[in-house]
Amino acid sequence: MLPASLRCLVRLIPVAVVMSFATAALSAQTTVRLFRGGEADSAAANAVTLNATAVDSAGLNDASKIGTGGTYTSATAAPGSSLAYDFASTASYQESVITSLNASQSFAMELWFKVPSLTGGSQVLFYNGDTASSGLGLYLNNGSLAVLRGGISVDNFATVTDSAWHYAAFVYDADAQSLDAYFDNQKTVIGSSATSFNFLSGYLSLGNSTHSDNFTGAIDEARLFTFADGTFNTSMLSNPALAAVPEPSTYAAVLGLCVLGFVAWRRRRA
């Protein structure tokens, strides 16, 4: 039978896990941009042509429509969403590049997307910068989902094999200089370099880039957010499948408690 000290520790493990999740949920993050897919846009409704402006629900800066065509769609999959942007023809949204999102700032980019065809060539989903020379964003090329670092690399991290809704994100931690990507509920370590990207030119683009890499498909809940270095937790992301997965820090905390309890028990026996 376990000694009383260890029995108490075992009872504390679920508490530690719950506290870890609660702490993660309260971790500081600041939404820099949030394009919800139409919920904040004036008179937006299913099958209605995309407005000339995509309202930023973070309240910082709206994006302007570039090109023509596109409609709103109510066929969405993101949690809490009732509308999404359905880009067609040359439709996309752009605004000025956000230069504060550089290699010294921890930040993340996420969205939900759906493609009607997997042979659409080079297509930009969400990008900050110039795809040819600077910046960082989510990129699709004939079914290969990637983090694109303008003028540097195309880091493929998933393959899209159907026309269903999917979740995509990348997370950059400036302190650890780590760059990780997420596809649905899977994480891929991309790698890092503090000098591997910058945001000196271009635009913040949704569904296109400065080089007409038009995306044909639907995009929803496109968000950019910053966080304090070293504090990222998957609960910050909008995908419930990722928020439910404990971070390594959770396991480390529980293991640490177990080790301390075991050491105390051994000392008492000695």
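Under mature numbering (1 follows the signal peptide of the UniProt record, and there is no 0), read the sequence shown as residues -24 to -1, 1 to 246, first letter to last. Quick reminder that beta carbons are idealized off the backbone N, C-alpha and C, glycines included.
Can you tell me where the alpha helix (DSSP H) with residue i in it begins and where it stops?
i, result
"Ala60", "Here Ala60 belongs to no alpha helix (DSSP H); instead the beta strand (DSSP E) covers 60 to 63."
"Ala145", "Taken as a continuous stretch (DSSP letters only), Ala145 belongs to no alpha helix (DSSP H), being part of the beta strand (DSSP E) at 142 to 149."
"Ala194", "Careful: Ala194 lies outside any alpha helix (DSSP H), inside the beta strand (DSSP E) at 193 to 203."
"Leu176", "Counting along the chain, Leu176 falls outside any alpha helix (DSSP H), and DSSP gives it neither H nor E."
"Ala10", "Sequence inspection shows Leu at residue 10; the Ala mentioned does not correspond to that position. Premise fails: Leu10 lies in the beta strand (DSSP E), 5 to 11, not in any alpha helix (DSSP H)."
"Leu155", "Counting along the chain, Leu155 falls outside any alpha helix (DSSP H), though it belongs to the beta strand (DSSP E) covering 154 to 159."
"Leu94", "From DSSP, Leu94 is part of no alpha helix (DSSP H); its letter is neither H nor E."
"Pro216", "216 to 219"
Check whether the Cβ atoms of residue i and residue j lie closer than 8 Å to each other.
i, j, result
"Leu114", "Ala144", "yes"
"Ala108", "Asn174", "no"
"Ala23", "Gly14", "no"
"Thr25", "Gly46", "yes"
"Leu124", "Val130", "yes"
"Gly111", "Tyr103", "yes"
"Gly178", "Asp106", "yes"
"Val31", "Ala54", "no"
"Val147", "Phe208", "yes"
"Gly119", "Leu155", "no"
Might you give, ordered along the chain, the residues of its own chain that have their beta carbon closer than 7 Å to the beta carbon of residue i, omitting 5 neighbours on each side?
i, result
"Asp205", "Ser82, Asp149, Ala150, Asp151"
"Leu36", "Val8, Arg9"
Can you tell me where the beta strand (DSSP E) holding residue i begins and where it ends?
i, result
"Arg87", "Reading off the sequence, residue 87 comes out as Leu, not Arg. Leu87 -> beta strand (DSSP E) spans 83 to 90."
"Ala39", "39 to 42"
"Glu15", "It is not in any beta strand (DSSP E) - Glu15 carries neither H nor E in the DSSP assignment."
"Ser68", "68 to 72"
Whose C-beta lies closer than 8 Å to the C-beta of residue i among residues of the same chain, with five residues either side of it excluded?
i, result
"Thr75", "Phe175, Leu176"
"Lys41", "Leu26, Asn27, Ala28, Thr29, Ala30, Ala67, Ser68, Tyr69"
By Cβ distance, which residues of its chain are closer than 6 Å to residue i, with the 5 residues on each side in sequence left out?
i, result
"Asn215", "Tyr143"
"Leu164", "At residue 164 the sequence reads Thr, which differs from the Leu that was named. So the qualifying residues of the chain are Phe133, Ala157."
Is the stretch 189 to 209 touching the stretch 56 to 64 in the sense that three or more CB pairs, one from each, lie closer than 8 Å?
-> yes
What residue ranges within the stretch 100 to 144 form continuous beta strand (DSSP E) runs of no fewer than 3 residues, ordered along the chain?
-> 112 to 117, 120 to 125, 129 to 135
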